[in-house]
Amino acid sequence: MEQLEDRRVLATWSADIAADTTWDNDEVHLVAEDITVLDGVTLTIEPGTIVQFYNGLSVQGTLIAIGTESDRILFTADVDDTGFDGELGTPDDVEPGGTAGGYPGYWEPIHFMPGSTGNMMQFVESRYGGYGREGQIVVDQAELTLTDSRLLNGDTGMRITGANPIISNVHVEGHVREAFVMDLASNPDFSAVTTESNGLNGAGLTGGELPGDTTWDDPAIV
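This is the structure we're talking about:
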């Protein structure tokens, strides 16, 4: 795994993203205010990048966060300096002598807004998100493919509203509430999902009406 010794420069983001932008792994990226990837705009996050959150990220356009097995992408709290291995005092610490802070619901969600399309997240890890009894990831009438990833120690793993995300080979652990919560208008495509030590190791339903014939057939979720 790439060490962070030579890349502790902090890039702070506090304004909406209005043009195609790439967050590279030469910097640790801090989301200091609520920011939005505007409609028609793509935010790309490179493998091996750490993004720390004080607030949240909304996506009207498109988010492409594709890591690799050896160079994941990490989303975590701004008080979590443990890096990819989750331990202080190791070479991949964000800040030598930093903190190992963070708690469930510390920062606001990554929120995919109605009409957002083409979103892809692979080999990502998200910790401590979901402020306001929300999911670390919220998919609201939007497209998302989430694969080969981990959601850890947040309030809720993922909230799905009126959407059919693809969720494959994802581990969800240590959430105060549900691993997933969704309404009846949603029909996620779950495969190879594992859950552990969540308030509910499955999907909670918020109500609504089924739009048509639906089959729930993932034993790890239902």
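The UniProt record's numbering numbers the first residue of the sequence shown as 1 and each following residue consecutively.
A virtual CB, placed ideally from N, CA and C, is assigned to each residue, including glycine.
- For Val-172, the pairing in a beta bridge is given by DSSP as Leu-151 and Thr-195.
- The way I'd put it, the segment 129 to 141 doesn't touch the segment 81 to 94; fewer than three beta-carbon pairs between them come closer than 8 Å.
- Here Gly-56 is buried, its C-beta having at least 16 other C-beta atoms within 10 Å.
- In the three-state DSSP reduction, Met-113 falls in the coil class, being neither helix nor strand.
- Judged by DSSP in its simplified three-state form, Glu-95 adopts coil rather than helix or strand.
- Between Asp-148 and the set Ala-163, His-171 and Asp-140, the nearest pair of CA atoms involves His-171.
- Cβ-Cβ distances below 6 Å link Leu-151 to Ser-126, Gln-136, Gly-157 and Val-172 in the same chain, with the five nearest sequence neighbours on each side left out; the list follows chain order.
- Nearest Cα to Ile-64 within the set Thr-117, Gln-52 and Thr-206: Thr-117.
- Each residue's CA atom was taken as its position, placing Gly-154 and Pro-211 some 30 Å apart.
- In the DSSP assignment, Asp-140 falls within the unbroken beta strand (DSSP E) covering 135 to 140.
- For Gly-101, no beta strand (DSSP E) encloses it, and the DSSP letter there is neither H nor E.
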